Amino acid sequence: GGAGGTEGEAAGYVGLLAATYAAMQFIFAPVLGAVSDRVGRRPVLLVSLLGTVFSFVMLAIAETLPTVLIARFLGGFFGASIGTAQAYMTDLTDEDSRAQGMGLIGAASGVGIVLGTALGGILGGIDPSLPFYATAGVAALNFVLALFALPESKAPVPARGGWRGL
Numbered sequence: 758g759g760a761g762g763t764e765g766e767a768a769g770y771v772g773l774l775a776a777t778y779a780a781m782q783f784i785f786a787p788v789l790g791a792v793s794d795r796v797g798r799r800p801v802l803l804v805s806l807l808g809t810v811f812s813f814v815m816l817a818i819a820e821t822l823p824t825v826l827i828a829r830f831l832g833g834f835f836g837a838s839i840g841t842a843q844a845y846m847t848d849l850t851d852e853d854s855r856a857q858g859m860g861l862i863g864a865a866s867g868v869g870i871v872l873g874t875a876l877g878g879i880l881g882g883i884d885p886s887l888p889f890y891a892t893a894g895v896a897a898l899n900f901v902l903a904l905f906a907l908p909e910s911k912a913p914v915p916a917r918g919g920w921r922g923l
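Each residue of the sequence shown is one higher than the one before, counting from 758 in this note's numbering.
Below you can see the structure in the form of structure tokens.
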């Protein structure tokens, strides 16, 4: 065992972190999708990118397990915008090219997972917080690009009945 606990405890914490992130995506993907139907896709994507920046900076500076858990909670919440990104692609494509558009999203995710993991390993060897800062930097760059180059794909829909309308 390591300092402060057993290997089993450490594995439990890793599982808790992964489950927190996944649970937030599962819970909030439909919520963010409904919000994007109401206010438009672009604002949801922009806020999600900024939230991703914040969550990864928070991970980089975290010194306690509760801080890491909060950062992963936020990361999962803002990462739940993947459904909004898919809806954006649906808005921009016709039925004949939709599968290709969705395939591009899947391919980009796969490349990001492979290259991001490799780059994270290299950067983590330099400094353990560096992969988190790098991820925040990529998200920040994506935010700037989206801010200036991403048009709205769907007109907002008027609100119906507050939270029930969501």
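Glycine included, every Cβ here is placed at the ideal spot set by N, Cα and C.
Just so it is clear, the structure is predicted and the values come from calculations on it, not from any experiment.
- With 16 or more other Cβ atoms from the protein chains shown falling within 10 Å of its own Cβ, Q782 counts as buried.
- Leaving aside the five residues that flank L774 on each side, the residues in its chain whose CB is nearer than 8 Å to its CB run, in chain order, V825, L826 and R829.
- Straight across, the Cα-Cα distance linking A844 with T763 is about 44 Å.
- The C-alpha of G858 is placed about 7 Å away from the C-alpha of T850.
- When DSSP assignments are scanned along the segment 854–908, the uninterrupted stretches of alpha helix (DSSP H) that are 4 or more residues long and fall wholly within it turn out to be 855–883 and 887–906.
- Taking the CA atoms as reference points, S805 sits about 13 Å from L898.
- Taking a 10 Å sphere around the C-beta of S838, we find 16 or more other C-beta atoms and assign the residue as buried.
- The beta carbon of S812 lies closer than 7 Å to those of A828, L831, G832 and F835 in the same chain, with the five residues before and after it left out.
- Closest by C-alpha distance to G877, out of A864, G863, L861 and G894, is G894.
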